[in-house]
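Structure, as C-alpha cells:
Protein chains: 2
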Amino acid sequence: MDNYSIVGKPIPHLDAVEKVKGNAVFTSDIKLNGMLFGKILRSSVPHAKIRNIDISQAVKLKAVRAVITSKDTPLVRYSISPTWADKLVLADQKVRYIGDEIAAVAAVDEESAEEALSLIRVDLEELPGVYDPFEAMQSEAPLLHDGIVSNISKTLRMECGSVAEGFARSDIIMEDTFKTHAQSHCSIETHCCVATCSATDEVNLWVTTQAPHPLRQRLAMTLKIDVAKIHIMTPFIGGGFGSKIDLEPAQAISVLLAKKTGKPVKIEHSRKEQFIATRMRHPTVTHLKFGVKHDGTIIAKQANVVMDNGAYNSHGPAVLAYNNVMFSTLYRVNNIKYEGRLVYTNKNWGGACRGYGDPQASFAQEVMLDMIAERINMDPIDLRLKNANIPNQVTANAVKITSCGLKECLTEARKVSGWRTKKAAGKKYRGLGIASMIYTGGGSIGSGLNYSGATMQMNPDGTLQLLMGALDIGQGSNTILTQMAAEIMAVEPETIRLTTADTDTTFPCMGTFGSRVTYCGGKAVVEAANGLKKKVLENAAEMLEANPDDLEMKNKSIFVMGTPEKAVTYAEIGASSFYKKKEPLVAHGYYNGPEVSPDFDPVTYKGYPAPALVFGTHLAEVEVDPTTGKVEVLNFVAAHDLGRAINPLLVEGQIEGGAVQGIGWSLMEDVKFENGEILNPNFHDYKMLTIKDIPKIIPLMIETIDPNGPFGAKGIGECAMVPTAPAIINAIYDAVGVRIKELPATSEKIFKGLKEKRSK
Amino acid sequence: MDNYSIVGKPIPHLDAVEKVKGNAVFTSDIKLNGMLFGKILRSSVPHAKIRNIDISQAVKLKAVRAVITSKDTPLVRYSISPTWADKLVLADQKVRYIGDEIAAVAAVDEESAEEALSLIRVDLEELPGVYDPFEAMQSEAPLLHDGIVSNISKTLRMECGSVAEGFARSDIIMEDTFKTHAQSHCSIETHCCVATCSATDEVNLWVTTQAPHPLRQRLAMTLKIDVAKIHIMTPFIGGGFGSKIDLEPAQAISVLLAKKTGKPVKIEHSRKEQFIATRMRHPTVTHLKFGVKHDGTIIAKQANVVMDNGAYNSHGPAVLAYNNVMFSTLYRVNNIKYEGRLVYTNKNWGGACRGYGDPQASFAQEVMLDMIAERINMDPIDLRLKNANIPNQVTANAVKITSCGLKECLTEARKVSGWRTKKAAGKKYRGLGIASMIYTGGGSIGSGLNYSGATMQMNPDGTLQLLMGALDIGQGSNTILTQMAAEIMAVEPETIRLTTADTDTTFPCMGTFGSRVTYCGGKAVVEAANGLKKKVLENAAEMLEANPDDLEMKNKSIFVMGTPEKAVTYAEIGASSFYKKKEPLVAHGYYNGPEVSPDFDPVTYKGYPAPALVFGTHLAEVEVDPTTGKVEVLNFVAAHDLGRAINPLLVEGQIEGGAVQGIGWSLMEDVKFENGEILNPNFHDYKMLTIKDIPKIIPLMIETIDPNGPFGAKGIGECAMVPTAPAIINAIYDAVGVRIKELPATSEKIFKGLKEKRSK
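Quick note, the sequences are listed as chains A and B, same order.
The first sequence lines up with residues 0 to 759 when you count with numbering that gives the first Met the number 0.
The second sequence lines up with residues 0 to 759 when you count with numbering that gives the first Met the number 0.
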C-alpha cells in the first residue's frame with residue numbers, strides 16, 4: 000500500500016535555511032585554540048629522483064612549528080585496496096607527477112607556512128616523463144614505480160559467450176574508437192581538515208570526506224595508529240562527486256603535524272591544489288566492435304579500453320572494472336568481450352568521479368548505437384527498445400537485475416520530448432539525440448562490503464533521534480533518510496533529531512558514494528525505525544490494554560483504531576518506558592549486502608553483485624551555430640528509473656545537477672595537460688557551465704518500486720551524469736551531421752567538422 | 000569471585016596527560032566563527048522595583064549586536080522542580096538580590112559588551128531588604144515574591160515515634176543551637192557557555208554543566224523551544240561541586256542572544272559573578288534536643304532548622320529535605336522529630352553544594368554527640384558505636400539500608416589514628432575529634448527519576464566503544480566506568496573509545512551529582528558490557544564450534560578453556576558479525592532506580608529511596624596556638640564505606656578533596672554579607688586552604704561490597720566533605736576546651752573562647 004504521507008513528498012533540504020543563512024559550519028569554519036596552519040610542498044616536475052631535502056632554513060623561521068618529510072612517516076603505501084597500494088603520504092626517493100607531496104610545514108599563520116615552503120631546498124634529479132598511456136605501454140617507456148616491469152597497472156579480460164561466433168552470425172559489423180578526457184570534480188568546497196593528536200596518539204579529525212569510517216581505517220593503517228584512537232567528525236560538506244572518498248595525503252599530513260607540534264593543525268587546499276593534486280575523471284580510449292542483425296538485434300559487442308591512470312592507482316582498477324561491468328550489462332547481448340588496460344603516466348592521478356567509469360563506457364556505446372541506428376535506418380529509440388534490459392533478467396555477464404524501467408524511460412522520454420514530431424519537422428541546425436544508461440542503485444564494490452548502520456531512539460520525552468553512519472555531502476540524504484524514518488514513526492521529518500557520520504557515535508557506514516545512501520542507508524534506517532515502531536507499539540498496547548495490531552499512530556500519539564479518545568502520546572510512552580519499565584526505547588538497523596556469489600570475479604566484476612540496478616535515458620535537443628560550431632542545448636529530458644522517488648524535489652536536484660555536470664563534460668570541462676602540467680587549474684581557464692548555459696531540464700521519474708529497496712527506492716546520485724554526453728553528441732550529429740568521437744565537443748571541433756563536411 | 004584484573008586497580012585518570020599538557024578543551028576554549036561575547040547587567044541593589052530599562056544608548060554602540068531584557072523572554076519561572084519555580088531568566092518588575100539578571104548584551108568583543116552594559120539605564124525604586132531568615136519570618140518583613148503571604152518558602156515537619164515520650168524516658172536531655180554559614184563552590188572553572196541558535200530554533204549549546212539531559216529539558220521549558228531541537232555538548236568540565244546542576248540564567252541568555260543575532264554567543268562568568276550570582280551552600284541555624292540513657296543509647300532526637308534560602312529556590316526545598324533525611328537516618332534512634340523552614344532573604348540564593356544539606360546536619364548532630372559523650376563520660380567513638388547503623392536496617396524514618404560499614408569506619412579510624420594512645424597522652428593544645436556521616440551512595444532525589452544509560456559496541460575491527468550519558472566533571476568517572484567495562488570485556492581501559500554526555504548521541508542520564516555516577520552510571524555500563532560480552536561470546540562459540548560456557552576472554556581474543564590455540568580474535572568476531580552475519584554488536588544498559596515506595600513522603604523525604612547508603616568517619620588531630628587561636632590540622636583519618644573502591648587512586652583523590660573542602664568550610668571559607676552585599680567575592684578575600692595548609696590525610700576504604708552496586712561499589716564523591724567540620728570542631732574542643740557552635744572556627748572566635756575561659 001502506497002498511501003504514504005511523507006515518503007514521496009517534495010520536502011526542501013532540512014538544512015536549507017541554515018546553509019542559506021550562512022550558519023552551517025563547514026570544516027573550513029573550524030578554528031581551534033592554538034591552531035596552526037599546514038601547507039604542503041609539492042613537486043613542480045613530473046618525474047624525478049629526490050636526492051636530498053634540506054629543511055634547515057625553513058625550521059629556522061620564527062613562526063614555523065614543524066617541518067616534516069617522508070622520514071617522519073611510517074612509509075606505508077596506500078590506495079583504496081591494499082593490493083593496489085602505491086602512494087605514500089609524502090614522497091620518498093621519487094616524485095611521479097606535478098603535485099606529488101614532498102614535505103609539509105606547520106606554522107602559526109598561512110603566510111609563514113608558505114614562506115617556509117619556499118625555504119625548503121629539494122635536490123631533484125629529473126627523469127624522463129611519459130604522459131600518454133599508449134606511449135607508456137611501450138617497452139622503452141620510463142617506468143613510474145619500483146619493481147614493475149610495465150606501466151600497465153591492471154589488465155582486465157572478460158568474454159561471455161563468443162564474440163567471434165557472434166560477429167560471424169551478424170548482418171553488420173561496426174567498429175570505431177571513442178576518446179574521453181579528464182574532468183575535475185569542482186566541488187564548491189575544497190579539501191580541508193583540522194587534526195589534533197594527543198600525546199597518547201588520540202586523533203580527532205574534522206574533515207571533508209565522503210567516507211568517514213573507511214577513512215578512519217586507512218588513516219590508522221597508513222600512520223600505524225590504533226584505529227580505535229581515531230575520531231573522525233564531518234561538518235557540513237560542500238560536495239564531493241567522488242573526490243572525497245580516498246584518504247587524501249593532506250589528511251594524514253595534518254595528523255602528523257599535529258602530533259609533532261602538539262597543536263591542532265588545519266590544512267585547506269587552494270583551488271589550484273584541488274585541480275592539480277586531488278583526483279580527476281580517468282581519460283579513456285575505447286575501441287568498440289559491434290555485430291548486429293538488420294532488425295537491430297545486437298548479437299555481439301567487444302570493447303578495448305585503455306584508461307589513463309595518472310601516477311597512482313587510487314580507485315583506478317575498480318573504475319576500470321566498473322567501465323566493463325556497465326558497458327557489458329547494459330542491453331541484452333549474449334556475446335561480449337572486454338579488454339581493458341589501466342596505465343600509469345606522469346600526471347595527476349585519476350580517481351572516483353561521478354559515474355565511476357560508466358560515463359566513458361556510455362559515451363562510446365551510445366554513440367556507437369546511434370551510428371548503428373543510422374546504418375540500419377532504424378529509429379535510435381526503437382533500436383534501444385529492441386535490446387533493452389528487462390526486469391528479473393540475468394545478463395550474459397551474470398548480473399542479476401531486479402526492477403528495470405529502461406523501456407519506460409525510453410518511451411516516456413520520447414513522448415515528453417516530442418521526439419517524433421520534432422524529428423519529422425527536421426528544423427535546420429537543430430537536432431535530437433538519445434542515450435541510455437545502467438548503474439548500481441545501491442553501491443557495492445564487489446568486496447562484499449557495502450554496509451550502512453542506523454540507530455533510532457525515542458527519548459523519555461517522546462522525541463526521536465536518528466543516528467546513522469551515512470552522511471549528506473549536499474545531495475540531501477539527511478532529508479531523504481529522515482523522511483523514511485518519519486514516515487514509519489508518523490512524525491514530521493524536522494522533528495527528528497539527526498546525528499550522522501561520527502565514528503565515535505554512529506554505526507559504521509561505507510560512506511557516500513556509488514549512489515548507495517538512499518538504498519543502503521535507507522535499508523538500515525527503515526530497519527531501525529521499524530524496530531523502534533514495534534517497541535513503541537508494544538508499549539502503547541500495554542498502556543492501552545489493547546492489541547498492537549489494533550493501534551494507529553498519528554500526531555505523536557497512538558490510539559486504538561476507531562476509538563481515538565483511547566490514546567497515549569509518544570511523550571507518555573517514552574516516559575513510561577524509561578522511567579517506569581526502565582527499558583530504553585532504541586532499535587538498530589544494519590545493512591550489508593547483497594551476498595557476493597562465489598562466481599563473482601573480483602578482477603573483471605563478472606557476476607557483479609549490485610543490490611539493485613538503475614536505468615535511465617537522456618534526450619537532448621541542441622542547436623548548432625553553423626558559423627561558429629557553438630552548441631546550445633535547448634531542451635533536455637532525463638528519464639530515470641529510480642525505484643521510487645522518496646523526495647521528488649531532491650531527485651530533481653540530483654538529475655539537474657548530473658545533467659549539468661554531464662553537459663559540462665560534453666562541451667567544455669577539460670583538464671588540459673602539457674608535458675604533465677595542468678594548464679588550466681582555476682575557474683577562469685577551466686570552463687564550467689554558468690546558469691545562463693543551462694537548458695530547461697525535464698526530469699522524468701520512472702517508479703518501478705524495487706522489491707528490495709527501502710520503500711522500493713534505488714539510488715540516483717551519479718546516474719544523471721552518465722548518459723548526458725552521448726545524448727548531446729548524438730543530437731549534434733542529428734543537427735549538423737558532424738560526429739564527435741573525442742570529447743569534449745568544443746565549437747572548434749564542430750566547426751572543423753562542418754568545414755570538412757562542406758569540403759567533401 | 001573478586002579476582003578482578005582492572006576493577007580495584009589504581010589507574011590514573013585516563014585524561015590526565017591531555018589535561019596536564021593543556022590540550023584538553025574546556026568550554027572557555029571554544030571559539031566559533033563570528034562568535035559574539037555576551038555580558039549580563041546585574042542588579043546592584045538587593046531589593047527594588049524595576050520602573051524602566053532604557054537600552055537606547057546601548058544599542059547604538061557600533062560593536063553591539065543585541066540587547067535583551069525580560070521582554071525578549073517568555074517570562075517562564077523555573078527551579079529544579081516546577082512546583083518551586085520562582086526565578087526568571089531576566090528579572091521582570093523586580094530584582095531580589097545583588098546579582099539578579101536585568102539585561103544582557105551581545106557584542107563583537109568583551110570590552111564593547113561591558114561598555115554597552117554601562118550605557119543601559121535602569122530606573123529602580125529601591126525596596127527595603129531583609130537579610131536574616133529570622134527577621135524575614137516576621138510578619139512585618141518585606142515579602143520577596145508576588146502572591147506569597149510569608150517569606151517561608153517551605154516548611155517541613157516530620158515525627159517518627161514520639162519524641163515527647165522518648166525525652167520522658169531519657170536519663171539526660173541536652174539542647175543547643177548550631178550555626179553554619181555560606182560557602183562558595185569555588186570550582187576552578189567558572190560557568191561558561193557557547194550557544195548557537197538557527198533560524199529554525201535549532202540550538203547547539205557547549206556548556207559547563209553537571210546535568211546535560213535535565214538542562215536540555217529546563218532550557219526547552221524556560222525558552223519554550225521544542226526539547227528535540229536542543230543539542231547539549233559538554234567539553235571538559237573544571238569541577239562543579241553542585242554549582243553546575245541548575246539551569247544558569249546565562250545559559251538561557253546565551254541562547255536568546257544567539258537567536259536574536261544569528262551568531263554564536265559566548266558568556267563566561269568572571270570569578271566575581273561566580274561568587275555573587277551562582278549558587279552557594281545554604282546557611283542554617285539548627286536547634287537540637289537529644290535524650291540519652293546513661294549508657295549512651297539515644298532515645299530521642301529533635302531538630303529545628305532554619306535554612307537561609309536567599310532570593311530564589313533553586314534546590315532549596317530538596318536541600319532542606321536532605322538535611323532532614325541525613326540527620327534522621329544516621330544512628331539507630333526510634334523517636335525523631337524534625338521541623339525545618341526554608342526562608343527567602345534578599346541575598347544570593349543557595350543551591351546544591353557538595354553534601355546537599357548534610358554537612359549542616361552532620362555539624363550539629365556530631366558536635367552534639369561530642370557534648371553528650373563528655374556529659375556521660377563516655378568515649379565519643381564508643382558512643383557512636385553504641386548507636387551506629389547496621390546492615391539491612393530499616394530506620395525509624397523508613398529508610399532501607401543495605402550494606403553498612405559505619406562500625407568498621409569507626410573502629411578502623413580509631414586504630415589507624417592512634418586515638419587511644421594520643422588521648423591518653425593528652426598533649427597540651429593538641430586534640431582529637433571524631434564525627435560520622437551517612438549519605439546516598441547513588442543519587443535519587445525522591446522523584447523516582449534516577450536514570451543513567453550506556454551503550455557498548457564492538458566495531459567491525461574488534462575495537463570497543465562506550466557511549467554514556469554520565470559525564471566526568473573532574474572526579475574521574477570516565478576512568479571508573481571505563482574500568483568496569485574493560486573488566487567485563489577483558490581489555491585495557493585506555494583501548495575503549497569513550498563518548499559521554501552528548502544529548503544527541505548518548506542515552507539520557509540525570510547527570511553528575513548526588514554521588515550517583517559510580518553507582519547508577521556503573522550499573523548501566525555493567526549491564527551494557529555484560530550484554531555485549533554475551534553477544535561476543537555467542538559469536539565466538541559459533542565460530543569456534545564450542546559452548547559459550549567453555550570460553551575465556553584474554554588479550555582481545557576468545558579461546559576454548561584449556562585449548563588456547565583454538566581462538567578467535569575480537570577483530571575476527573567484529574568482522575564476522577558485521578560483514579558476514581550482518582548483525583551489529585551492540586548492547587545497552589539502563590538504570591533508573593530504586594522503586595519509590597508509595598509510603599515515601601516527597602516533602603520530608605521520609606522513606607527516602609536511596610539505592611545504597613554510604614557511611615564514613617572522620618578523625619581529626621589539631622593543634623591550637625593559645626596566643627592566637629590559630630588551628631593547625633595535623634593529621635586527618637577519613638574512613639569511608641564505599642562498597643568497593645573501583646579505583647583506589649581516584650577514591651583517595653575524592654576523599655582528600657572532600658576533606659580539604661570540609662576543612663576550608665570549618666576554618667576559613669565564608670561568604671561574608673553586609674546588607675545583602677557579598678564583601679569578599681574574590682580569591683584574595685575569600686580564604687581557601689593552600690597546599691601548605693593541608694594536613695596528612697589518611698584515607699581508609701571500607702569495602703562492604705554492596706549487594707546491588709556495580710561490582711559492589713557505592714558513591715563517594717560528596718561524602719568526604721560531610722563530617723569534616725564536626726571532627727575538627729570536636730578536636731579543637733579536645734585541644735583547648737573551646738566549643739565552637741557557629742562556623743567557621745576562625746582564630747578570632749577561638750581566641751575569644753580561650754579568653755572567656757581564662758576569665759572564668
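We treat Cβ as the ideally placed atom computed from N, Cα and C, and that holds for glycine.
Report yes or no: is there a C-beta of chain B within less than 7 Å of the C-beta of residue i?
i: A:Lys20; result: yes
i: A:Asn32; result: yes
i: A:Pro547; result: no
i: A:Pro597; result: no
i: A:Pro211; result: no
Nearest-angstrom Cα distance between residue i and residue j?
i: A:Tyr343; j: B:Leu480; result: 53 Å
i: B:Pro127; j: B:Ile49; result: 14 Å
i: A:Asp108; j: A:Ile231; result: 24 Å
i: B:Met325; j: A:Phe36; result: 56 Å
i: A:Ala163; j: A:Asn334; result: 8 Å
i: A:Gly652; j: B:Gln474; result: 51 Å
i: B:Tyr834; j: B:Ile739; result: The structure shown has nothing for residue 834 of chain B, since chain B only spans 0 to 759.
i: A:Ser253; j: A:Glu201; result: 14 Å
i: A:Ala489; j: A:Val559; result: 15 Å
In this structure, what does DSSP give as the bridge partners for residue i?
i: A:Ala469; result: According to DSSP, A:Ala469 bridges with nothing at all.
i: A:Leu204; result: A:Ala194 and A:Ile231
i: B:Tyr130; result: Per DSSP, none; premise fails for B:Tyr130.
i: B:Arg217; result: Partner(s): none; B:Arg217 has no beta bridge.
Go ahead and pull the three-state DSSP assignment for residue i.
i: B:Ala62; result: coil
i: B:Ser446; result: coil
i: A:Pro791; result: Look at the range of chain A in this structure, 0 to 759, and you will see that residue 791 of chain A is not part of it.
i: A:Arg156; result: strand
i: B:Gly241; result: coil
i: A:Val636; result: strand
i: A:Gly33; result: coil
i: A:Val623; result: strand
i: B:Pro379; result: helix
i: B:Met0; result: The pLDDT assigned to B:Met0 is 48, lower than 50, so where the model puts this residue is not dependable, and the model offers no usable value.
i: A:Val291; result: strand
For chain A, check one thing: does any of its Cβ atoms lie closer than 7 Å to the Cβ of residue i?
i: B:Val226; result: yes
i: B:Arg515; result: no
i: B:Pro680; result: no
i: B:Val524; result: no
i: B:Thr72; result: no
Can you list, in chain order, the stretches of the beta strand (DSSP E) that have 3 or more residues and sit fully within the stretch 480–552 of chain B? 495–499
Pick out the complete alpha helix (DSSP H) segments inside the stretch 391–428 of chain B, 4 residues or longer, and give them in chain order. 405–416 and 418–424
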